[in-house]
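Novice:
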Amino acid sequence: MRVLFTTFAAPSHFYAQVTVASALRTAGHEVVVASQPDLAETIAAAGLTAVPVGPPLEIEPETQKATSSFADDRNLGGLAMSNSRYDPFPWEHAIGMFSAMTAFVFQNVCAEPMVDDLVALARDWGPDLVIWDPLTLAGPVAARVVGAAHARLLFGPDQMGRNRTRFRAMLDQRPPELRDDPLAEWLDWTLGRHGERVRERDEELVLGQWTIDPTPVSLRIPLDLHYVGVRYVPYNGRSILPGWLREPAPYPRRICLTLGVSLGEVEDGGTVAAGDLIAAVDGLDAEVVALLPADLRARLGTLPANVRAVDFVPLNALLPSCDAIVHHGGSGTFMTALAHGVPQLLVPDMMWDSMEKATGLARNGAGTYIEEHDKLSPDQLRERVVGLLDDPSYAAAAARMRAEVVGMPSPNEIVPVLERLTMLHKEGKAG
Numbered sequence: 001m002r003v004l005f006t007t008f009a010a011p012s013h014f015y016a017q018v019t020v021a022s023a024l025r026t027a028g029h030e031v032v033v034a035s036q037p038d039l040a041e042t043i044a045a046a047g048l049t050a051v052p053v054g055p056p057l058e059i060e061p062e063t064q065k066a067t068s069s070f071a072d073d074r075n076l077g078g079l080a081m082s083n084s085r086y087d088p089f090p091w092e093h094a095i096g097m098f099s100a101m102t103a104f105v106f107q108n109v110c111a112e113p114m115v116d117d118l119v120a121l122a123r124d125w126g127p128d129l130v131i132w133d134p135l136t137l138a139g140p141v142a143a144r145v146v147g148a149a150h151a152r153l154l155f156g157p158d159q160m161g162r163n164r165t166r167f168r169a170m171l172d173q174r175p176p177e178l179r180d181d182p183l184a185e186w187l188d189w190t191l192g193r194h195g196e197r198v199r200e201r202d203e204e205l206v207l208g209q210w211t212i213d214p215t216p217v218s219l220r221i222p223l224d225l226h227y228v229g230v231r232y233v234p235y236n237g238r239s240i241l242p243g244w245l246r247e248p249a250p251y252p253r254r255i256c257l258t259l260g261v262s263l264g265e266v267e268d269g270g271t272v273a274a275g276d277l278i279a280a281v282d283g284l285d286a287e288v289v290a291l292l293p294a295d296l297r298a299r300l301g302t303l304p305a306n307v308r309a310v311d312f313v314p315l316n317a318l319l320p321s322c323d324a325i326v327h328h329g330g331s332g333t334f335m336t337a338l339a340h341g342v343p344q345l346l347v348p349d350m351m352w353d354s355m356e357k358a359t360g361l362a363r364n365g366a367g368t369y370i371e372e373h374d375k376l377s378p379d380q381l382r383e384r385v386v387g388l389l390d391d392p393s394y395a396a397a398a399a400r401m402r403a404e405v406v407g408m409p410s411p412n413e414i415v416p417v418l419e420r421l422t423m424l425h426k427e428g429k430a431g
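Here the sequence shown is numbered in full-length UniProt numbering, starting from 1 and rising by one per residue.
1. Pick from HIS327, LEU319 and ARG238: whose alpha carbon is nearest that of ALA273?
2. Report yes if the CB atom of PRO216 is closer than 7 Å to the CB atom of VAL385, and no otherwise.
3. Assign ASP124 to buried or exposed, taking buried as 16 or more other Cβ atoms, counted over all protein chains shown, within 10 Å of its Cβ.
4. Could you work out which residue in LEU284, PRO242, LEU257 and VAL230 is closest to TYR251 when comparing CA atoms only?
5. Could you pull the start and end residues of the alpha helix (DSSP H) that ILE414 belongs to?
6. Measuring straight from C-alpha to C-alpha, what distance separates LEU118 and LEU424?
7. CB-CB under 6 Å to residue 496, same chain, minus the five flanking residues each way: which ones, in chain order?
8. On a CA-only basis, which of ALA40, ASP295 and ARG168 is nearest MET97? Give me that one, please.
9. Expressed to the nearest angstrom, what Euclidean distance is found between the alpha-carbon atoms of ALA317 and LEU241?
10. In terms of alpha-carbon separation, which member of GLU419, VAL347, GLY387 and LEU388 lies closest to GLU372?
11. In terms of alpha-carbon separation, which member of GLN17, GLY341, LEU153 and ALA143 lies closest to GLY195?
12. Roughly how many angstroms separate the alpha carbons of VAL145 and LEU191, rounded to a whole number?
13. Touching or not, the stretch 382-402 and the stretch 338-345, by the rule of three or more beta carbon pairs under 8 Å?
14. Per DSSP, ARG254 is paired with what?
15. What did DSSP end up calling PRO293 once you bin it into helix, strand or coil?
16. How is the beta strand (DSSP E) around ILE370 delimited, first residue to last?
17. In chain order, what are the residue ranges of uninterrupted alpha helix (DSSP H) at least 4 long that sit wholly in the stretch 196-243?
18. Which runs of the alpha helix (DSSP H) spanning at least 4 residues fall entirely within the stretch 78-147, listed in chain order?
19. Is PRO52 helix, strand or coil when you go by DSSP?
20. Which residue's Cα is closest to the Cα of PHE312: LEU303, LEU257 and ALA339?
21. What does the Cβ neighbour count give for ASP295, buried or exposed, with the cut at 16 atoms within 10 Å?
22. For VAL31, I'd like the list of residues in its chain whose CB is within less than 6 Å of its CB, leaving aside the five on either flank, ordered along the chain.
23. Spell out a yes or no on whether the stretch 322-336 and the stretch 354-368 are touching, meaning 3 or more CB-CB pairs, one atom from each, closer than 8 Å.
24. Does ASP349 pass the burial test, meaning 16 or more other C-beta atoms within 10 Å, or should it be called exposed?
25. So if DSSP puts ARG299 in a beta bridge, which residue, or which two residues, is it bridged to?
26. In whole angstroms, what separates the C-alpha of ASP128 from that of HIS150?
27. Considering only their Cβ atoms, is the gap separating ILE43 from residue 451 smaller than 7 Å?
28. If you run the structure through DSSP and keep just helix, strand and coil, what is SER35?
29. In this structure, does DSSP put GLY264 in helix, strand or coil?
30. With DSSP as the reference, label ARG166 as helix, strand or coil.
31. Distance check for ALA249 and GLY208, CA to CA, integer angstroms please.
32. GLU58: which of ARG402, ALA27, ALA9 and PHE106 sits nearest, CA to CA?
33. Between the C-alpha atoms of MET1 and LEU178, what's the straight-line distance to the nearest angstrom?
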């Protein structure tokens, strides 16, 4: 069969798709990956066929624009998808979330030209199955237009599933004249440009006909949706193993420190200052491998003797040698640490699902997190890191979670399931 993967042009979101796409390709299916031109080289480097759609996304300016918008208190709920601050879940937060996500995320990452090109590709190529990133709603739109089966492929706990389910339940309780649904309105308008309409209670366009989920069961959000579990197999992009990683470690223990964009925010306004984190690990009897971009490394000045600063190292190669990892809650980092059984200290950036992952990890005993990190001193940060290293219960729980990850079906093993579901859901429209 023909399988079309699609994601907006964010490498980490594509990385979450690589192993399932490769499994389908090696099983003999035709596979292409459609995204904005920014991602084409990254897709090709993974050995998959890239199809550029729409103009370049330029993800960093778009992210900065969205972040600035969410800094406005009126839009703040939009990326607080874990809802840790909201119990019970109020209507004001729900409508604010979907208004903000539609205006600042969905419409940006799936702009009209991108959607139009993806629909044209689907009409020309005729996929049997479309597998889409949860934020890339151009995928289910294109699938609906051509009658292809379609599924979400998650990169972490199903925040969208929970929040959309809650939103729909609240919507049904409201008077008909007050049932505002910004996301459904945008999807209906988008489909209308291609001769289709949103069907009544049409949640397939948001939640998929089924969902491929790499999240271990102990971290999943319980929902009445059709999930196909799959083992998370780390993919870090084009990787070269550094020589120092093959040598004996210079300290009895090793810590990985990687906070993505957040680590670059040395000044006020970031999730945590890089200088504070470096100060927190200064002098520990452990090597700290800190992933630091060159410009930040220069601004930090002389680093402690036990800190090895690197621009990049593949986490899949580094983490087997680590006793702990400190990170911001990014899905690829989080899932790779789970796969290798490494205790985690999360400094959540409060975006999307980072708090959901943090609380789930703590609930399972495989790590801990810092919520009010702006109020912690380097000494208090150090105390958290030392606790993660010295308390053996964290390592034991992380090992249990690794066993759970390893026990899930491999990408190759779910291929027959995807084949059956495709035959069940495909509508067989003419192109």
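For glycine and all other residues, C-beta sits at the position ideal for the given N, C-alpha and C.
Specialist: Reading off the structure:
1. HIS327
2. no
3. exposed
4. LEU284
5. 411-425
6. 23 Å
7. Coverage of the chain is limited to positions 1 through 431, which leaves residue 496 absent and any answer about it impossible.
8. ARG168
9. 7 Å
10. VAL347
11. ALA143
12. 8 Å
13. yes
14. GLU287
15. coil
16. That residue, ILE370, is in no beta strand (DSSP E); it is neither H nor E in DSSP.
17. 204-207
18. 91-101, 112-125 and 138-146
19. strand
20. LEU257
21. exposed
22. VAL3, ALA21, LEU24 and ARG25
23. yes
24. buried
25. Paired residue(s): none; ARG299 is not in a bridge.
26. 8 Å
27. The structure shown does not extend to residue 451, since the chain is modelled only from 1 through 431, so no value can be given for it.
28. strand
29. With a pLDDT of 41 at GLY264, under the threshold of 50, the predicted position of this residue should be treated as unreliable, though the coordinate-derived value follows. Residue state, collapsed to three classes: coil.
30. helix
31. 46 Å
32. ALA9
33. 44 Å
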